[in-house]
Amino acid sequence: MVLVGEARRVGDSVLLARRSPEQRTEREPLRLSKFHAPEIVFGEGSLSEAAHAAARLGARRPFVVTDPGVMEAGWPAELLAQLTAAGLAPQVWLDVTPNPKDHEIEAGYQRYLESGCDVVLGIGGGSVIDAAKGVALLAANGGRILDYEGIDRIAHPIPPLIMMPTTSGTGADVSQFCIVTDTERHTKITIMGRALVPDVSVVDPRLLVTMPEWLNAATGLDALTHGIEAFVSLAHGPLTDHHALQAISLVNGNLAETMLRPRNATARSLMAQAALEAGLAFTNAILGATHAMSHQVGGMLDLPHGVVNGVLLPHVIRFNGADSPERFVPIAQAMGLELHGAPATEAVYLVAEAVRELGDEVGVPKGLSSLGVTDADIPRLAQLTLGDACLTTNPRGASSEDIESLFRAAM
Ligand SMILES: NC(=O)c1ccc[n+]([C@@H]2O[C@H](COP(=O)([O-])OP(=O)(O)OC[C@H]3O[C@@H](n4cnc5c(N)ncnc54)[C@H](O)[C@@H]3O)[C@@H](O)[C@H]2O)c1
Ligand SMILES: [Fe+2]
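Count the sequence shown with the numbering used here and you get residues 892 to 1302, in order.
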């Protein structure tokens, strides 16, 4: 095979970077790919499988990570009863806040050491799951959590991980990502590596019904962003495309219904599937500029991740689509948008509009300024965005000026 330019590895994907500056598309899509996924147990009532999975993985003293909100919703109590009934001695750690902080994860690691635990279980949203991954990473590798920023810096195998998502969702229960707030630099760092793919993901849609409305909206838009960014990513491939389009279609068809009728079990289950499939797509195809930018805003202002994505996504769609609109045609079709043979540029426009309309329907704010971002923040946010691993696979190369313009448009 003849390769143009330089081959570069991003996780399990090999990207090719063209050198010629006059090429409009600066980078070429992937040539090789692998597909990783945990063992997945999916469906109503599947939570009861977690105790069996823990025992099978050799657990005696499982370390159960959760947070106060999820604890109050009652799901960890159900899990703990099942673990105990299986003859295990679970220990609970719940000092995790949304957008988990570096020092919280390091405190959790100390608790893990003191408790003599083995298998790590996370029951919660993306914040809990990432905190659980961070604790497991440190348990086997030591040091400070921020030392692991970047791709494949985890040297030693980590304890077995079983994840039970309570939001729909981040896909963190199937992903090779761990996102941590760097409290000194006020940004979120990305730790990426196959070692972080959980052993088992137990997806029980029942757990979603206690989500507050704003969280349902935010995490649904996060899943939509995962689907769209994974589909247009430079590291996409046939194995990820299928899951990405399916996720886009499922969010588009079911998120609003879960807002209107929160106890509609079918719609909840389809949203759980959407989050799962979006996770399978993006953990293999990686993400793009929306996430690279969102991590900086979320780290600076401690905001809900999905809300920031929902604001940014239509702008990034227009930016990426201006360079290569073709990939937005299947996305438009997955969203049920009528193209009537219109050019691909029309698909870009329609998809961006439809994402914004869905955001309006579920209550996503119009702009970043209403979330507390100011014009003075933009240069720093843009600078940090350029260093985020998710930008590597964005289909269109972006300069500092491009990112600043995107932030301004999204204000
Ligand atoms: N690792 C990854 O692959 C990945 C991917 C995307 C996002 N993330 C990260 O995930 C985090 C966001 O996670 P999230 O959006 O799932 O929310 P979250 O975990 O931050 O939870 C937000 C709040 O909702 C509460 N909550 C969660 N589930 C609930 C339920 N079922 N009932 C009642 N309350 C509930 C929690 O207690 C918490 O207070 C961000 O830090 C983001 O960066 C990680
Ligand atoms: Fe996300």
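Glycine included, C-beta positions come from ideal geometry on N, C-alpha and C. It should be emphasised that the depicted structure is a prediction, and the values quoted were computed from it without experimental measurement.
> Whose C-alpha, out of Thr957, Phe1173, Leu1087, Pro1050, is nearest the C-alpha of glutamine 1067?
Replying inline: Leu1087
> Would DSSP call glycine 1013 helix, strand or coil?
Replying inline: strand
> With 16 as the cutoff for other CB atoms within 10 Å, does lysine 925 come out buried or exposed?
Replying inline: exposed
>> Does any residue of chain B have a CB that is nearer than 8 Å to the CB of threonine 1131?
In response: This model lacks chain B altogether, as it is built from one protein chain only.
> What span of residues does the beta strand (DSSP E) with leucine 1241 cover, start to end?
Replying inline: Taken as a continuous stretch (DSSP letters only), leucine 1241 belongs to no beta strand (DSSP E), being part of the alpha helix (DSSP H) at 1235-1253.
>> According to DSSP, simplified to helix, strand and coil, what is threonine 885?
In response: As shown, the chain starts at 892 and ends at 1302. That puts residue 885 outside it, with no answer to give.
> Does DSSP put serine 1290 in a helix, in a strand, or in coil?
Replying inline: coil
>> DSSP three-state label for proline 1325, please.
In response: Given a span of 892 to 1302 for the chain in the structure shown, any question on residue 1325 remains unanswerable.
>> According to DSSP, phenylalanine 1068 sits in a beta bridge with which residue or residues?
In response: Met1083
>> Would you call the region 1031-1045 in contact with the region 1075-1086, where contact means no fewer than 3 C-beta pairs closer than 8 Å?
In response: yes
>> Which complete alpha helix (DSSP H) runs does the region 1121-1160 hold, if anything under 4 residues is left out?
In response: 1129-1151
>> Our contact map puts alanine 1121 next to leucine 1178 with C-beta atoms below 8 Å; I'd like the distance itself, whole angstroms only.
In response: 7 Å
> Leaving out the 5 sequence neighbours to the left and right, which residues in its chain are closer than 6 Å to glutamate 1306 when beta-carbon positions are compared?
Replying inline: Nothing in the structure corresponds to residue 1306, since the chain is present only between 892 and 1302.
> Say the cut is 7 Å; is the CB of histidine 1134 nearer than that to a heavy atom of ligand 2?
Replying inline: no
> Among Ala946, Asn1285, Phe933, which residue has its Cα nearest to the Cα of leucine 1125?
Replying inline: Asn1285
> Is lysine 1257 buried or exposed, if buried means 16 or more other CB atoms sit within 10 Å of its CB?
Replying inline: exposed
>> Below 8 Å, how does it come out for the region 1134-1151 and the region 1014-1033: are there three or more Cβ pairs, yes or no?
In response: no
> If you draw a straight line from the alpha carbon of glutamate 1005 to that of tyrosine 1240, how long is it in whole angstroms?
Replying inline: 55 Å
>> With a threshold of 7 Å on Cβ separation, who are the neighbours of glutamine 914 within its own chain once the five nearest residues in sequence on each side are excluded?
In response: In this prediction, glutamine 914 has a pLDDT of 42, which is less than 50 and means its spatial position is unreliable; what the coordinates show is noted afterwards. Closer than 7 Å at Cβ, skipping near neighbours: no residue.
> Near threonine 1101, which residues of its chain fall below 7 Å by C-beta distance, leaving aside the five closest residues on each side in sequence?
Replying inline: Ala964
>> What would DSSP say about serine 1215, mapped onto helix, strand or coil?
In response: coil
> For valine 1011, which option in Val1242, Ala944, Ile1119, Ala1169 has the closest C-alpha, if you only look at C-alpha atoms?
Replying inline: Ala944
> Hey, glycine 936 and valine 1065 are a contact pair by Cβ (cut 8 Å); roughly how many whole angstroms apart?
Replying inline: Not a contact, Cβ separation roughly 20 Å.
> Taking buried to mean at least 16 other C-beta atoms within 10 Å of its own C-beta, is phenylalanine 1298 buried or exposed?
Replying inline: buried
> Is glutamine 914 helix, strand or coil when you go by DSSP?
Replying inline: A caution first: glutamine 914 carries a pLDDT of 42, below 50, which makes its placement in the model unreliable, though a value can still be read off. Note: glutamine 914 maps to coil in three-state DSSP.
> Contact check, serine 1059 vs methionine 962 under 8 Å by CB: the rounded distance?
Replying inline: Contact flag wrong, Cβ pair sits at about 19 Å.
> With a Cβ-Cβ cutoff of 8 Å, do valine 1026 and valine 983 count as a contact?
Replying inline: no
> If we ignore side chains and look at the alpha-carbon of each, how far apart do glycine 1227 and asparagine 1211 end up?
Replying inline: 21 Å
>> Can you tell me whether leucine 1282 is helix, strand or coil according to DSSP?
In response: helix
>> I'd like to know whether the C-beta atoms of aspartate 1193 and valine 1071 end up nearer to each other than 8 Å.
In response: no
> What are the boundary residues of the alpha helix (DSSP H) that serine 1006 is part of?
Replying inline: 993-1006
> Helix, strand or coil: which one does DSSP assign to aspartate 1021?
Replying inline: helix
>> Could you give the first and the last residue of the continuous beta strand (DSSP E) run that contains isoleucine 931?
In response: 930-933
> If you drop the 5 nearest sequence neighbours on each side, which residues of the same chain put their C-beta closer than 6 Å to that of glycine 1201?
Replying inline: Leu1112, Gly1250, Val1255
> Would you say the beta carbon of asparagine 1200 comes nearer than 7 Å to a heavy atom of ligand 2?
Replying inline: yes
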